[in-house]
Structures are given as C-alpha cells and as structure tokens.
Amino acid sequence: MDCLWLRIRAPFAAFRGFQAGVYRATSPIMPPSAVLGLVLNLAGIEMRDYTDYQNLLIRADVPCLKVAIATLPNSKSEICTLYQQLHSYPVGNSGKTDLKPRTHGAKYWITPVKREFLVGLDMVLGVQASKELLEEVQKGLKGELDRPRYGLPFAGDNNFLFDRIDILNEVPEAFWYIQMQPDDPPMRGSYRLTVAIDRADNSKTTSFLYAPVEVATSVPPERAWTWTPRKPVTV
C-alpha cells in the first residue's frame, strides 16, 4: 500500500456521533468514519447504496483504508457551544392547552438545544491505500478528476466547509491519536471515535477509544493506524 499525507484546515467543523437529546457533542478531531467519507468524496467514489431500504445505506464494497489522525502542536482548535432552536412535532394534544395560548399564533413546540462545534480545525491525516486510489484523491484535490463527483467535501456538518486540504511531502511532528487498550492507564483527551457506521442497524456501528500521545512525533505509532470501515480479508 502507498501512503498519502494531508493537512486539513477548516474555520468550523462538527463531527457528531449518533445522539439524541438537547445537548449534541462533537469529537475533538475528525473520526475515522468521517475520514472514509472525505477520502472517497475526493476520489469521486460513490459510497451510498441506493436500495429499497428505508435508510440510505453505505455500499458493502467501498475500499478499505488504513488511516492515522493527529493535531498539530501549534493548533488553536477548540470546542465551543451555541444554542439553537429545535422545532419538533407535538404528539397528540401536547402543549396545546398550556403553551399554544402563550405564543399568540407562533410556533409553540420549540426547544432550545445546545450544540458543540470545533473552531479552527487544523489536523494531519495519513491514509494508506492502493496507489490507484490515492492518485484519484490527488486528482480530486487538483480538480483533475475525469468523472463527476457528488457534492462538496464538508467538515462533518454540511454547513461547514474546509478552508484548505494540502498534500504534504513531509510529515510534521504531531500529536497522533492512538487506539487505547483495556489495560492502558487513563490518558488526557481520550474520546470515543466512530470507525464504521451501520445505517441499517446502529448497534453494529463500531467505535474505539482514542487519545492523543503526549509527545509530538513525525512518525505515527503503530496504534495510531486504524482500518476503516473494516480490516480487509487480504492486505
């Protein structure tokens, strides 16, 4: 397998797992599952599986990637929060007697929700895949793909776009996120990141606990590499 190194920057980003409730969290870095979608988008590879199923599924034959993610020592990325209005559908007569009269004709079933988002995303991404796939990614970044590509690559939330995605000739020192093991002591900044999403059965969505290393290095540790969406039968 060949390897491609990218530096990714965005003014705003949000990488949210499956969650409900009035507080929606974001991971502190792009998870492997989002890396898969970004790389395939840049290469112009369709990952959506159009079937009669009620949910839009992910194709079973998408290429498998081995990825490593890291933040840069001088990165000022931070998690911020904002409030938004959640417009939901009332069930039965809920709110009609106590809330509706007080809104004087306006919507009465609105809930304030709190959402996290990243400000100043600046990260390094390593991708190991076939030479042909990585060449397509580079063509996509240069606008040289010979086939149409669906939509724009976005930073997790489709309201947020990337500022720059640069190909790196040299790997800078960075804080690589490694996959924690059951016997590892607690590590600062640990977070559970999604690796593969199963839209037909969310209980089969896979995620692992990661944490950034304490000392920045230009060579990712072995535990920084993760297969997404799964490890192939043959490598």
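Start counting the sequence shown at 1; every next residue gets the next number (my numbering). Glycine included, every Cβ here is placed at the ideal spot set by N, Cα and C. Keep in mind the model is a prediction, meaning the values are calculated, not measured.
Specify whether the segment 166–174 and the segment 3–12 touch according to this definition: at least 3 beta carbon pairs, one from each stretch, less than 8 Å apart. yes
Under a three-way DSSP split, which group does V233 fall into? coil
Does any CB atom of chain C fall closer than 9 Å to the CB of E222? Here there is only one protein chain, and chain C is not present.
Taking G105 as the reference, which of K96, P112 and C80 has the closest Cα? K96
Using 8 Å as the cut-off, can you tell me whether the segment 113–124 makes contact with the segment 16–28, which would need three or more C-beta pairs spanning the two stretches below that distance? yes
What residue range does the alpha helix (DSSP H) around P101 cover? K100 to T103
Rounded Cβ spacing between V219 and F175 (contact assumed at less than 8 Å): Actually they do not touch by this definition, with Cβ atoms about 13 Å apart.
Pairs of beta-carbons, one from the segment 179–190 and one from the segment 130–148, closer than 8 Å: are there three or more? no
Closest by C-alpha distance to Y177, when choosing among L125, C80, K107 and L40: L125
Determine the direct distance from the alpha carbon of T103 to that of W93, and round the result to whole angstroms. Contrary to the premise, residue 93 reads as Asn rather than Trp in this sequence. About 16 Å.
Just to confirm, are Q181 and R149 a CB contact at a threshold of 9 Å? no
Between the segment 40–49 and the segment 75–89, can you find at least three pairs of beta-carbon atoms closer than 8 Å? The answer is no - the segment 40–49 does not touch the segment 75–89, with fewer than three Cβ pairs under 8 Å.
Three-state secondary structure (DSSP) of E170: coil
If I measure Cβ to Cβ from F162 and keep anything under 8 Å in the same chain, skipping five residues before and after, which residues do I get? Closer than 8 Å at the Cβ level, and outside the excluded window around F162, lie I8, R9, A10, P153, F154 and A155.
When you compare only the Cα positions, how much space is there between V39 and V137? Straight through space, the alpha carbons of V137 and V39 are spaced by roughly 7 Å.
May I have the straight-line CA-CA distance separating A14 from I197, to the nearest angstrom? Each residue's alpha carbon lies about 17 Å from the other.
Tell me which same chain residues have a C-beta within less than 7 Å of the C-beta of D49, skipping the five on either side of it? L57, I58 and R59
Cβ-Cβ separation, E170 to A216 (assumed contact under 8 Å), whole Å: About 14 Å; that fails the 8 Å criterion.
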